[in-house]
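S.K.:
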Amino acid sequence: MKLGIKLLFLTLLFLPAVQPVTYAAVYEWTTVNTPIQNAPGALEDVYMMDRYDGWAVGLSGKILHWNGAFWESVPSPVGYDLFSVYMIDSNNGWAVGAGGAIIHWNGSEWVVVPEPLAEGYYRSVHMISSDEGWAVGSEWIEIEPSHCEQRPRIIYYGPTPPAPPPPNVIAQPRAVVSILLMLSALASYLFIRKTRQ
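Numbered by this note's numbering, the letters in the sequence shown go through residues 81 to 277 in order.
(1) Tell me, which residues are paired with E224 by DSSP?
(2) Consider the C-beta atom of I235 and the heavy atoms of the ligand NAP; say whether any pair is separated by less than 8 Å.
(3) Within 10 angstroms of the Cβ of S153, are there 16 or more other Cβ atoms? Answer buried if so, exposed if not.
(4) Using a Cβ-Cβ cut-off of 6 Å (strictly less than) and excluding sequence neighbours within five positions of V205, which residues of its own chain qualify?
(5) Can you list, in chain order, the residues of its chain with a C-beta nearer than 7 Å to that of V192? Leave out the 5 residues immediately preceding and following it.
(6) If I follow the unbroken beta strand (DSSP E) through N172, where does it start and stop?
(7) Measure the alpha-carbon distance for R203 versus Y107 and round it to whole angstroms.
(8) Of all the options D211, Y160, M129, S170, which has the alpha carbon lying nearest to the alpha carbon of L123?
(9) Provide the residue span of the beta strand (DSSP E) that contains R203, from first to last.
(10) Label M128 either buried or exposed according to how many other C-beta atoms from any shown protein chain fall within 10 Å of its C-beta, with 16 as the threshold for buried.
(11) For the beta strand (DSSP E) containing L139, list its first residue and its last residue.
(12) Got a sec? Which residues, its chain only, sit under 7 Å from A251 by beta carbon, not counting five neighbours each side?
(13) Determine the extent of the beta strand (DSSP E) in which V191 is found, giving its start and end residues.
(14) To the nearest angstrom, how far is it from the Cα of S170 to the Cα of E224?
(15) I'd like the list of long-range same chain contacts for I221, defined as Cβ closer than 7 Å, with 5 residues on each side in sequence excluded.
(16) Return the chain-ordered list of same chain residues with a C-beta closer than 6 Å to the C-beta of I234, the five sequence neighbours on each side being excluded.
(17) The beta strand (DSSP E) with V165 in it runs from where to where?
(18) Measuring straight from C-alpha to C-alpha, what distance separates G121 and H145?
(19) With DSSP as the reference, please indicate the residues paired to P232 in a beta bridge.
Here it is as structure tokens:
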């Protein structure tokens with residue numbers, strides 16, 4: 081009995097001194113193999129929905145899908161360079177690029193969405209929902225024969241026309257719109273800054 085009490089006492093005495101062994105995780109960028117790593121060209125954008133599902137797009141219409149274990153090539157309906165990809169969920173996504181390329185992921189394949197811009201490109205796409213989004217880029221406008229200029233272009237996908245800003249913002253005198261942040265198909269907010277008088 082006395083031996084048991086002594087062992088219990090010693091255990092309780094030295095227990096606080098025993099620290100659990102912990103290992104710090106090491107976080108660093110590492111190269112991940114892809115099926116196109118030896119091909120010419122580049123990847124331009126990546127969108128990860130979670131650690132098991134992601135997409136990457138690049139030059140010459142390259143499209144890759146991350147399945148949680150490895151990157152795999154996915155057939156592309158365009159040969160144009162793709163610059164931006166945005167996924168709403170695993171069955172709904174968009175990618176845009178050169179030649180006015182707009183493609184949509186329907187859950188089983190990427191399909192071309194008709195768009196009249198063929199002399200320019202879209203650099204970025206952002207969807208608010210499966211029914212509403214924006215893309216930005218530029219188009220080439222012929223000013224005179226053999227002379228073109230690049231002009232900015234914004235396109236909108238969704239109910240036409242897009243929801244107007246709240247009326248009280250439009251009525252603000254001497255207000256300058258500084259940031260436009262679209263939050264949903266039904267609401268948009270403008271952050272404004274009054275100019276000096």
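By construction, the Cβ of each residue, glycine as well, lies at the ideal position given by its N, Cα and C atoms.
Remember, predicted model here, so these are calculated numbers, not experimental data.
M.R.: Well, looking at it:
(1) The secondary-structure analysis by DSSP pairs E224 across a beta bridge with H227.
(2) This structure simply doesn't include the ligand NAP, nor any ligand for that matter.
(3) Flag for S153 reads exposed.
(4) S164, Y166, W174, V176, A215, listed in sequence order.
(5) Once the five neighbours on either side are set aside, the close Cβ partners of V192 are P157, V158, I183.
(6) For N172, the enclosing beta strand (DSSP E) has its first and last residue at 172-177.
(7) Cα to Cα, R203 sits roughly 30 Å from Y107.
(8) Checked all of D211, Y160, M129, S170; the closest Cα to L123 is Y160.
(9) For R203, the enclosing beta strand (DSSP E) has its first and last residue at 200-209.
(10) Around the beta carbon of M128, fewer than 16 other beta carbons lie within 10 angstroms, which makes this residue exposed.
(11) In the DSSP assignment, L139 falls outside any beta strand (DSSP E) and carries neither an H nor an E.
(12) Annotation note: pLDDT 43 at A251 (below 50); position unreliable, no value reported.
(13) Per DSSP, V191 is one residue of the beta strand (DSSP E) stretching across 190-192.
(14) Rounded to the nearest angstrom, the two C-alpha atoms are 46 Å apart.
(15) A distance below 7 Å between beta-carbons, with the five flanking residues on each side excluded, links I221 to the following residues of its chain, in chain order: C228, E229, R231.
(16) V216.
(17) DSSP places V165 in the uninterrupted beta strand (DSSP E) bounded by 162-169.
(18) When rounded, the distance between both Cα atoms is 17 Å.
(19) DSSP, once it has assigned bridges, lists S218 as partnering P232.
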